[in-house]
Amino acid sequence: MHPIFKALTTIAIATTALTAPAMADPIYMIAQIQIEDHSAFFEEYGAAAGPQVLGNGGRVLVASPTVDTLEGAWSGNWTVVIEFPSEEAAKQDWYNSDAYQEAIELRIASTSLNNIVLAPAFVPPAE
């Protein structure tokens, strides 16, 4: 197994094993990225960001170079979906933290495209 996939598998297993099975108000971070330097991305950014995601209750649901675009255009060569227990955990505790702001520089240095959004879990419309 390639070291990159081994590292991703380890993070995915750890996030699944170490996070609570149910979240009251989960939010999902969805990233569409174009990785240019895979070694730097996974060894430097991954090493910095992975523990921060775990430390803030994040759980990696998808981390894949393979997507099947059914409609429209999908840019990037990696797609990542991370579930966080709340918007606060995703935004304030993780994304806006000083530690992650440093990691962002590592991500930007090894990528050429970064589309990152937060989306809440489905909430049916009120009747």
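Residues -24 to -1, 1 to 103 in mature numbering (1 follows the signal peptide of the UniProt record, and there is no 0) are what the sequence shown spells out, letter by letter. Note that CB positions come from ideal geometry on N, CA and C, so glycine has one too.
Exercise for review: Whole angstroms is fine: what's the gap from E12's alpha carbon to I58's?
Suggested key: 21 Å
Practice item. Count the other CB atoms, across all protein chains shown, that sit within 10 Å of the CB of D69; report buried if there are 16 or more and exposed otherwise. Key: buried
Point to revise | Residues bridged to N91 (per DSSP) | key: Q8
Point to revise | Nearest-angstrom Cα separation, counted from D74 out to G52 | key: 27 Å
Check your understanding: Helix, strand or coil: how does DSSP classify A24 here?
Key -> helix
Review point. Closest to V56 by CA distance: which of E81, P100, G22, G48 is it?
Key: G22
Review point. Is the CB-CB distance between L82 and F17 below 9 Å?
Key: yes
Check your understanding: If you draw a straight line from the C-alpha of Q77 to the C-alpha of A49, how long is it?
Key -> 29 Å
Check your understanding: What's the C-alpha gap between T87 and Q8?
Key -> 11 Å
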